[in-house]
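Here's the structure, in structure tokens; my notes come after.
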Amino acid sequence: MRTSQAQHRSSWGLAALGALLGSSSSALAAGIGQPEPWQMNRQVPVTVEAADLATFENGLHWLAFGISLFVLALILYCVFKFNEKTNPTPSRTTHNTMIEVAWTIIPVLILVAVAIPSFRTLRTQLSDPKADVLVKVIGHAWYWSYEYPVEGDKGGFTFDANVDEEQQPKLLATDNDMVVPVGKIVKVQVTSGDVIHSWAMPSFGGKIDAIPGRLNQWWFKADREGTYHGQCSELCGARHAYMPITVRVVSEQAYAEWLTEAKTKYAAIDNGARLADAR
Ligand SMILES: [Cu+2]
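Going letter by letter, the sequence shown gives residues 623 to 901 in the numbering used here.
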């Protein structure tokens, strides 16, 4: 009876553990292009840079975990080995050159090891590759506008993207989306018309400030078609939380079709072609 009870209990325990692991692994699996409830990790990366960032971040977590364990072990060692009872007459040592050199050099080496992949990622992000598509992004209180400059017979329009509160995902959808082709280098030139905003796209692994009077630049190459959501990430005022970013990554053909459509659609709204031509 006792055995069967114990077995019963342990099987319940296993089931609970399984459920916990299952739920935590689903909590770890983040959404594509948008956050998910109970998400613990980054959103699924769709650019090489975003994947690099995720790998780098995971590595850092393990490193910090290892260092914490080491420090905890040292503390426990001191607590048990050098307490009043086990060590009634403490040593009066005040200096130990070897240890002092080691605890200076080793952290420096760790930081240098961390800096190498960090600077490498930063250098890639801030490099200036030849763009296939250029989009000018302007932050306003509290919406974004996008300009597609004239390129041959294409482009030459501008449009605003306001939050669409009727659409899902809630507060992440916009009435007009920025559209770019898949697998192409998209350069965004980011500025602001009023206060500082920040154009952030988690799935692309990037974020860049939109500063009035300054033109910031960033690029991405999305490897996967889909709809990706981001948000203004610089506290910019009352409706800061209501200026989402939606980027639709589509096939080259769909992009060409959208360009033609958009030129007519947005020119009809606010004479965007004339505005973009003037710049
Ligand atoms: Cu903002």
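C-beta: ideal position from N, C-alpha, C; glycine also.
Everything numeric in this text was worked out from a predicted model, so none of it was measured.
Within the region 710–792, complete alpha helix (DSSP H) segments of at least 4 residues are found at 719–747, given in chain order.
Cβ-Cβ distances below 8 Å link Ala-673 to Pro-667, Gly-827 in the same chain, with the five nearest sequence neighbours on each side left out; the list follows chain order. Close CB contacts of Ser-855 within its chain, under the 6 Å cut and outside five residues either way in sequence, are with Ser-820, Ala-822, Lys-829 (chain order).
By the 16-neighbour rule on beta-carbons within 10 angstroms, Asn-798 is buried. At least one heavy atom of ligand 1 sits closer than 7 Å to the Cβ of Met-865. Collapsing the DSSP output to three states places Lys-885 in a helix.
Counting along the chain, His-683 sits inside the alpha helix (DSSP H) bounded by residues 670–703.
In terms of Cα proximity to Ser-767, the closest of Ser-825, Val-810, Asp-775, Trp-841 is Val-810. In this structure, Val-759 and Lys-806 do not form a Cβ contact; the two beta carbons are roughly 17 Å apart against a cut-off of 8 Å. By the neighbour-count definition (other C-beta atoms within 10 Å, threshold 16), Ile-697 is an exposed residue.
Restricted to the region 821–881, the beta strand (DSSP E) segments that are unbroken, complete and at least 3 residues in length are 828–832, 838–842, 848–854, 866–872, listed in chain order. Per the C-alpha coordinates, the member of Gly-815, Lys-776, His-851 positioned closest to Thr-882 is Lys-776.
Note that the C-beta distance between Val-817 and Val-808 is not below 8 Å. Judged by the Cβ position, His-819 qualifies as a neighbour of ligand 1 at the 7 Å threshold, a heavy atom of the ligand being closer than this. In this structure, Val-871 sits away from Val-812, with a CB-CB distance that is not shorter than 8 Å.
Close CB contacts of Ser-873 within its chain, under the 8 Å cut and outside five residues either way in sequence, are with Pro-803, Val-804, Glu-847 (chain order).
When only Cα atoms are considered, Ala-876 and Ala-676 end up about 30 Å apart.
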